[in-house]
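**Student:** Mind having a look at this structure? Questions to follow.
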Amino acid sequence: MDEMATTQISKDELDELKEAFAKVDLNSNGFICDYELHELFKEANMPLPGYKVREIIQKLMLDGDRNKDGKISFDEFVYVKEEKYAFVNWINKALENDPDCRHVIPMNPNTDDLFKAVGDGIVLCKMINLSVPDTIDERAINKKKLTPFIIQENLNLALNSASAIGCHVVNIGAEDLRAGKPHLVLGLLWQIIKIGLFADIELSRNEALAALLRDGETLEELMKLSPEELLLRWANFHLENSGWQKINNFSADIKLFDFSNSVKDSKAYFHLLNQIAPKGQKEGETRIDINMSGFNETDDLKRAESMLQQADKLGCRQFVTPADVVSGNPKLNLAFVANLFNKYPALTKPENQDIDWTLLEGETREERTFRNWMNSLGVNPHVNHLYADLQDALVILQLYERIKVPVDWSKVNKPPYPKLGANMKKLENCNYAVELGKHPAKFSLVGIGGQDLNDGNQTLTLALVWQLMRRYTLNVLEDLGDGQKANDDIIVSWVNRTLSEAGKSTSIQSFKDKTISSSLAVVDLIDAIQPGCINYDLVKSGNLTEDDKHNNAKYAVSMARRIGARVYALPEDLVEVKPKMVMTVFACLMGRGMKRV
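The structure is reproduced here in structure tokens:
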């Protein structure tokens, strides 16, 4: 790293720092301040004298704090150029035929085009829809006459929609994106791209992944793996079949997918490509031959380039340059492998095996909404599977802090857990989580014990999670209303009063009111909060078909986000009148309405 050259930090020390960075950045907001850097070096066990630490801190702050906000993210001094180059090429390809992006696409990966291009919000909205289709109603994106106010709305829409799909955007504002702050733009784009890349690396959406089961392993155990772990398992499955050694230089407790030592010589990739390339044995499949002649090239960079030329035959030369392969850039190598998996998984669903396929139901909409809400708040570790990932209660305890319930962290057992007695440590956390819920939080937890959370009991876990989300939503209102308690009746009466004062004919009786399925009350409320923002030509009324209702709901949710309401609910929640989610929609809109000056 040339930025680090004056302080002579080795690659190993840099890797150690990277790991330590995650530990020191306890709120996982992706930043550390200058005083936290002292902790960072302590955590990394680097035997450096005090003056050396001060020298490094000055150097890092000078070079690393690119936007001069007094704090740096690790990516501000590691891998920024590489990520920008990779993301620009990915976005150029993804949006090359989109007429709404012609004003910015193609971007030059070697300039700062990217940071200017995201400034009007259109590219971000499009990338969100590519990762999670139909998240944003295209009709809600402002595409013409882009005044500062209209651009602000697009950026609101992008940020609130990113939040709804599980991106952590708490520290990112529309003004940061408009200003094109590199570390914030790259951080948000990485989250959006990663969600899209990982969408199908999940057993309920891709049953062929069951081919990765090991002897004696149950489907349930395989389902608990994170997408990163499944991807590593997939790569090793093909490498073993090729007779090449496994990649095993990272374990589950290291959250970054780090191929560093294993793939930097690119030989593993040669074997992986050779295994997954279509053999032309299936109907309509064209055979693609991987030329292995570059495998014996002694120059690392030349060998990596030769490998990427073969990846190009598969249409998969994305995310990494030869230098990224050789340096072992963890983020970009992860993206490269995920893209290979999505294009050519080369797995066959196992038949005649004693597998209980009924387990593969996939998550419900409600479960996905709760999971996305948690992840958007930046909980650590990231929640991939709602029940399995809450079984040690660490995430639940972090959520208590978000709803202003104090947690005594000295009482909490933290990973890595001991091999013997690990479950007992997790159960103790779960018991503490239930205890906090009953007393300081005053939740209704009748019949719910720590054991239920630890067992992954779906109904009882959901009962606690819903109360956490509800309290979070109501807290936002109470903060805006000078501490005045908020409840369902207060929200309903505010909604009706606001509609009436704006001369709207709609109203709601409760969050179970069947008329909500038309979304007309939501649309009218949005227009009452920000008069003139709704294009009523796009809203259907009268006798509505299911399609009409869905289109109204889709427009309503996107418009709510566009005017600045952080809505997590989905259009289907309005159409089907799901009272819990309906409550969150109206509460978020009330919060937005109370912000009016």
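Under this note's numbering, the residues of the sequence shown are numbered 726 to 1322, in order. Every residue, glycine too, gets a C-beta built ideally from N, C-alpha and C.
Can you name the start and end residues of the alpha helix (DSSP H) that PHE923 belongs to?
**Tutor:** Within the sequence shown, numbered from 1, the residue matching residue 923 stands at position 198. That run of the alpha helix (DSSP H) goes 907–923.
**Student:** Leaving out the 5 sequence neighbours to the left and right, which residues in its chain are closer than 7 Å to THR1011 when beta-carbon positions are compared?
**Tutor:** By one-based count along the sequence shown, residue 1011 stands at place 286. Closer than 7 Å at the Cβ level, and outside the excluded window around THR1011, lie PRO1003, GLY1005.
**Student:** Report yes if the CB atom of CYS1170 is closer than 7 Å to the CB atom of LYS1163, and no otherwise.
**Tutor:** Numbered from 1 along the sequence shown, position 445 holds the residue referred to as residue 1170. Numbered from 1 along the sequence shown, position 438 holds the residue referred to as residue 1163. Reading off the sequence shown, one finds Leu at residue 1170, where the question assumed Cys. A contact, by the Cβ cut-off of 7 Å.
**Student:** Where does GLN1006 sit, in a helix, a strand or coil, going by DSSP?
**Tutor:** For this step, residue 1006 is matched to residue 281 along the sequence shown. Looking at GLN1006 - three-state DSSP - the assignment turns out to be coil, as it is neither helix nor strand.
**Student:** Can you say whether GLY1009 is buried or exposed, counting buried as having 16 or more other CB atoms within 10 angstroms of its CB?
**Tutor:** Numbered from 1 along the sequence shown, position 284 holds the residue referred to as residue 1009. By the neighbour-count rule (16 or more Cβ atoms within 10 Å), GLY1009 is not buried but exposed.
**Student:** Roughly how many whole angstroms lie between the Cα atoms of GLN970 and LEU902?
**Tutor:** In the sequence shown, the residue the question calls residue 970 occupies position 245. In the sequence shown, the residue the question calls residue 902 occupies position 177. Those two C-alpha atoms are separated by around 44 Å.
**Student:** Under DSSP, the alpha helix (DSSP H) around ILE1121 begins and ends at which residues?
**Tutor:** Position 396 of the sequence shown, counted from the first residue, corresponds to residue 1121. Start and end: 1119–1127.
**Student:** Hey, how far is the Cα of VAL829 from the Cα of PHE1061?
**Tutor:** As a first step, residue 829 must be located in the sequence shown, where it is residue number 104. As a first step, residue 1061 must be located in the sequence shown, where it is residue number 336. Cα to Cα, VAL829 sits roughly 25 Å from PHE1061.
**Student:** Could you tell me whether any non-hydrogen atom of the ligand NAP is closer than 6 Å to the CB of GLY921?
**Tutor:** The ligand NAP is not part of the structure shown, which contains no ligands of any sort.
**Student:** Apart from the five residues on each side of it in sequence, which residues of its chain come closer than 6 Å, Cβ to Cβ, to VAL1050?
**Tutor:** Residue mapping note: residue 1050 aligns to position 325 of the sequence shown, counting from 1. Cβ neighbours of VAL1050 beyond the five flanking positions: SER991, ALA1029.
**Student:** When DSSP labels each residue in this structure, what does LEU1102 get in the three-state scheme?
**Tutor:** Here residue 1102 corresponds to residue number 377 of the sequence shown, with the count starting at 1. In the structure shown, LEU1102 sits in coil (DSSP, three-state: anything other than H, G, I, E or B).
**Student:** Taking its Cβ as the centre, do 16 or more other Cβ atoms sit within 10 Å of LEU1084, making it buried, or is it exposed?
**Tutor:** For the purposes of this step, residue 1084 is taken as the residue at position 359 of the sequence shown. Per the 10 Å Cβ criterion, exposed.
**Student:** Return the first residue and the last residue of the alpha helix (DSSP H) that PHE721 is part of.
**Tutor:** Lying before the first or after the last residue shown, residue 721 is absent from the chain, which here runs from 726 to 1322.
**Student:** Determine the direct distance from the alpha carbon of GLU821 to that of LEU922, and round the result to whole angstroms.
**Tutor:** The residue you call residue 922 lines up with position 197 of the sequence shown. The residue you call residue 821 lines up with position 96 of the sequence shown. Cα-Cα distance, rounded: 18 Å.
**Student:** Return helix, strand or coil for ASN1054, following the three-state DSSP convention.
**Tutor:** Here the question's residue 1054 lines up with position 329 in the sequence shown. In this structure, ASN1054 counts as coil in the three-state DSSP scheme.
**Student:** Decide if the stretch 1021–1041 is in contact with the stretch 903–919; the criterion is three or more beta carbon pairs, one per stretch, under 8 Å apart.
**Tutor:** No, they do not touch.
**Student:** Spell out a yes or no on whether the stretch 1266–1278 and the stretch 842–854 are touching, meaning 3 or more CB-CB pairs, one atom from each, closer than 8 Å.
**Tutor:** With a cut-off of 8 Å, the stretch 842–854 and the stretch 1266–1278 do not count as touching, because too few Cβ pairs lie within range.
**Student:** So, with DSSP's three-state summary, where would you put VAL1045?
**Tutor:** To locate residue 1045, count along the sequence shown from 1; it is residue 320. Three-state result, VAL1045: coil.
**Student:** Can the beta-carbon of VAL1130 be found closer than 7 Å to that of ALA1166?
**Tutor:** Mapped onto the sequence shown, residue 1130 falls at position 405. Mapped onto the sequence shown, residue 1166 falls at position 441. Cβ distance < 7 Å, so VAL1130 and ALA1166 count as in contact.
**Student:** Closest by CA to ASP1204, which one among VAL1132, LYS1320, SER1218, LEU950?
**Tutor:** Counted from its first residue, the sequence shown places residue 1204 at position 479. The shortest Cα separation from ASP1204 among VAL1132, LYS1320, SER1218, LEU950 belongs to LYS1320.
**Student:** Taking its Cβ as the centre, do 16 or more other Cβ atoms sit within 10 Å of GLN1000, making it buried, or is it exposed?
**Tutor:** Along the sequence shown, read from residue 1 onward, the residue named residue 1000 stands at position 275. GLN1000 should be labelled buried.
**Student:** Report yes if the CB atom of ASN867 is closer than 7 Å to the CB atom of ASN879, and no otherwise.
**Tutor:** Numbered from 1 along the sequence shown, position 142 holds the residue referred to as residue 867. Numbered from 1 along the sequence shown, position 154 holds the residue referred to as residue 879. Against a cut-off of 7 Å, the Cβ pair of ASN879 and ASN867 comes out as a contact.
**Student:** Does the CB of VAL1300 have a neighbour CB from chain C at under 7 Å?
**Tutor:** No chain C is present in this structure, which holds just one protein chain.
**Student:** In whole angstroms, what is the alpha-carbon distance linking PRO1143 and ASN1154?
**Tutor:** By one-based count along the sequence shown, residue 1143 stands at place 418. By one-based count along the sequence shown, residue 1154 stands at place 429. Distance between the alpha carbons of PRO1143 and ASN1154 is about 14 Å.
**Student:** Which whole runs of the alpha helix (DSSP H) in the stretch 1139–1187 are 4 residues long or more, in chain order?
**Tutor:** Taking only runs of at least 4 residues, the alpha helix (DSSP H) segments lying wholly in the stretch 1139–1187 are 1147–1163, 1175–1180.
**Student:** Given VAL1300, which residues of its chain have a CB within under 7 Å of its CB, disregarding the five upstream and five downstream residues?
**Tutor:** Translated into positions along the sequence shown, residue 1300 becomes position 575. The answer, listed in chain order, is SER1242, LYS1274, HIS1275, ALA1278.
**Student:** Considering only the beta carbon of each residue, do ARG1317 and ILE1259 sit closer than 7 Å?
**Tutor:** By 1-based counting over the sequence shown, the position of residue 1317 is 592. By 1-based counting over the sequence shown, the position of residue 1259 is 534. No, the pair does not count as a contact, with Cβ atoms beyond the cut-off.
**Student:** Whose C-beta lies closer than 6 Å to the C-beta of ALA1290 among residues of the same chain, with five residues either side of it excluded?
**Tutor:** Along the sequence shown, one-based indexing puts residue 1290 at 565. Within the same chain, ALA1290 has close Cβ partners CYS1313, LEU1314, ARG1317.
**Student:** Have a look at ARG1222, MET1284, VAL1247 and flag the residue whose alpha-carbon is nearest the alpha-carbon of PHE1311.
**Tutor:** Within the sequence shown, the letter at position 586 stands for residue 1311. Looking at the Cα atoms, VAL1247 is the closest of the given residues.
**Student:** Between which two residues does the alpha helix (DSSP H) carrying GLN1255 extend?
**Tutor:** Position 530 of the sequence shown, counting from 1, holds the residue named residue 1255. First-last for GLN1255: undefined, no H or E at that position.
**Student:** Identify the continuous alpha helix (DSSP H) that holds ARG958 and give its terminal residues.
**Tutor:** Start at 1 with the first residue of the sequence shown, and residue 958 comes out as number 233. Element bounds for ARG958: 952–967.
**Student:** Just how far apart, CA to CA, sit VAL1307 and ASP1249?
**Tutor:** The residue labelled residue 1307 in the question sits at position 582 within the sequence shown. The residue labelled residue 1249 in the question sits at position 524 within the sequence shown. Their Cα atoms are separated by approximately 15 Å.
**Student:** Output yes or no for whether 7 Å exceeds the beta carbon distance between MET1032 and PHE1066.
**Tutor:** Walking along the sequence shown from the start, residue 1032 turns up at place 307. Walking along the sequence shown from the start, residue 1066 turns up at place 341. Cβ atoms of MET1032 and PHE1066: not closer than 7 Å.
**Student:** Would you mind giving the Cβ-Cβ distance between ASN1097 and GLY891, rounded to the nearest angstrom? I have them listed as a contact below 8 Å.
**Tutor:** Residue numbering aside, residue 1097 sits at position 372 when the sequence shown is read from its first letter. Residue numbering aside, residue 891 sits at position 166 when the sequence shown is read from its first letter. That belief holds up - the Cβ atoms of ASN1097 and GLY891 are roughly 4 Å apart, short of 8 Å.
**Student:** Count the other CB atoms, across all protein chains shown, that sit within 10 Å of the CB of PHE874; report buried if there are 16 or more and exposed otherwise.
**Tutor:** Taking the first residue of the sequence shown as 1, we reach residue 874 at position 149. Flag for PHE874 reads exposed.
**Student:** CA-CA distance, CYS1041 and ASN1064?
**Tutor:** For the purposes of this step, residue 1041 is taken as the residue at position 316 of the sequence shown. For the purposes of this step, residue 1064 is taken as the residue at position 339 of the sequence shown. The alpha-carbon atoms of CYS1041 and ASN1064 are separated by roughly 7 Å.
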